[in-house]
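When we follow UniProt numbering, the leftmost residue of the sequence shown carries the number 1, and every step to the right adds one. Below: one structure, written as structure tokens.
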Amino acid sequence: MLALVAQLLAISGAVGVSVAYIHRSLWSNADALLQSRMVKLLALVGEDDDNPRILEFDAEQANVPTGDLFYIADDQGHRIAGNFAWVGPILDHLRTAGETWTFKRDGRAFRAAAMWNAAILDQEDNHIPQLHVNLFYAMPVEGTETQIERASRVAVLAGLLSVLFSALLTWLAVGRGMQPLTDFARYADQIEVDGTDFSGPGDVGGNTELVPLARALAALEDRVRQAFQRERRFLSDAAHELKTAVAIEKSTLQLLEQERPSKDAYRRGVSQALEDTNRIERLVQDMLLLSSLEHPRQAAPATSSLLSVGDSIVGAIEQLTPIAQIRSVSCVFDDTCNARIRGSESDLTLLWTNLLENAVQHSEPGTEVQINVEDVESGCRVRVIDKGSGISCVDLPHVFERFYRSDTSRSRLTGGFGLGLSIAKAIVENLNGTIYLSSVPGEGTTVEVTLPAQQTAHAEISSLRKLNSQVSEQSPKPS
């Protein structure tokens, strides 16, 4: 559209310039003809043979075209030839207008000019003073105006044809060039609500300018499909988890209803039902927490403060001490930096708790979980290293997905839902950090978290701080 408007403006400007040039050229020709006729008349003015002080006009030699008007007077205003009647109404205009003046007489258009104080050509060279006359001449200009009108029409018509032809060529060229975009739009219209039926275009018709757009759309297509797949899997897994927990609780309550349990059995059944209810509650809480972390703008703003990375890890280790005791796993904390980060204390503690709980649950009895904190250029880096069974290369790309569990049998044993690492990843991303997981089957797993940190004013690098002194009294030592 902009191209067509630009072309229209350009052609309109060209037509305007052409019309102006034609107008100027034809009027210049008319003025030149007018001047030549005036010079011819001036040449016919000469001295009287008997009285050199008297000027006369050789009418026999004059060949004035039909319709032309002229008037010649000497410098005293005495008539020499012609009719003054037509000069009177325009005399003032001829004095002030300059070279020419256009006027109408009896419905006809005339072009008039004047030679003021013009020296006559037919006089003796030694005649002093020279004789001068005032010559007024006008000729009809209907022919010139007709030529200008016709030429202007031709120029305008040519301009219109140029506009139409240019618009047609532009429309064809743009239509051909935009065909890949039209195809893209048609493909985009094929996206279904569930995102399952969409096949992006792979050919851009040899148009190299559209290759980046085609690549971007292909990448968008892949991200949209993956997003829909994740959402469907999330809903399916969430429904399955809730269904399983509700079914277990329902079966417990049905068993109590059908039988006549003893008082102790009844208490055990109610206790089991409460445990299953707590499990459902934890699942819902984890889902709500993950949703608030993934959509922080829609959640209530969390309190942000400057937090010590080491202190938050110590707090998480203390929370997991009972679990570590049960699994005969010890935690070794190596803190070589005094970094602080800005964030929510509850989120930061939950991050380390999830990572450490995951490491403890997958560690072999009698092994250690190492937590190393060190300075890096971008902030601080925390590594959580366990000596567990590791994660296969098939499961490794999916460990941060919601409800993903490489070992589907561990849910009832550990109480996990497959949301811990997803929550940890969301917390790290909200803190503008990165999280990376590497694993070797049979050897163990390492989770590496890098966070943008601020060093404390007193940058005292703490010595190797092992929590064995705190935890070993409560946790069994590796055998």
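Ideal Cβ placement from N, Cα and C applies to all residues, glycine included.
- Can you tell me whether DSSP reads Asp75 as helix, strand or coil? coil
*8 Å Cβ cutoff met for Phe57 and Val64*: no
Can you tell me the Cα-Cα spacing of Leu172 and Pro180, whole angstroms?
14 Å
Other residues of its chain near Asp31: CB distance less than 6 Å, five sequence neighbours each side excluded: Thr100
Looking only at DSSP bridge pairs, what is Phe57 linked to?
Val45
Given a cut-off of 8 Å on the beta-carbon distance, is the pair Val45 and Ser152 in contact? no
Would Val360 and Ala324 be called neighbours here (beta carbons separated by less than 8 Å)? yes
Exercise for the section: Output the distance between the C-alpha atoms of Ser292 and Ile391, rounded to the nearest integer angstrom. Expected result: 28 Å
**Prompt:** Between the C-alpha atoms of Arg223 and Arg233, what's the straight-line distance to the nearest angstrom?
**Reply:** 15 Å
Practice item. Flag this pair as yes or no: are the beta carbons of Ala424 and Asn354 separated by less than 8 Å? Key: yes
Q) Quick one: complete beta strand (DSSP E) runs, 3+ long, within the stretch 326-366? A) 330-335, 339-343
### Query
Any chance the stretch 236-249 sits against the stretch 280-294, with 3 or more Cβ pairs inside 8 Å?
yes
For this session: Pick helix, strand or coil for Asn29, following the three-state DSSP scheme.
Result: helix
Assigned exposure category for Leu161 - 16 Cβ within 10 Å defines buried | exposed
For Pro322, does the three-state DSSP call read helix, strand or coil? helix
- Query: Mapping DSSP to helix, strand and coil, what is Leu2?
  - Reply: helix
Check: For the alpha helix (DSSP H) that contains Gly67, what are its first and last residues?
Finding: Looking at the DSSP string, Gly67 is not in any alpha helix (DSSP H), and its letter there is neither H nor E.
| C-alpha gap between Arg79 and Ile54, whole angstroms | 11 Å
Exercise. How would you label Phe165, buried or exposed, when you count the other beta carbons within 10 angstroms and need 16 or more for buried?
Worked result: exposed
Contact between the stretch 373-385 and the stretch 213-227 (3+ Cβ pairs under 8 Å):
no
Run through DSSP, which three-state label would Ala10 get? helix
- Query: Using the C-alpha atoms, what's the distance from Gln319 back to Gly379?
  - Reply: 26 Å
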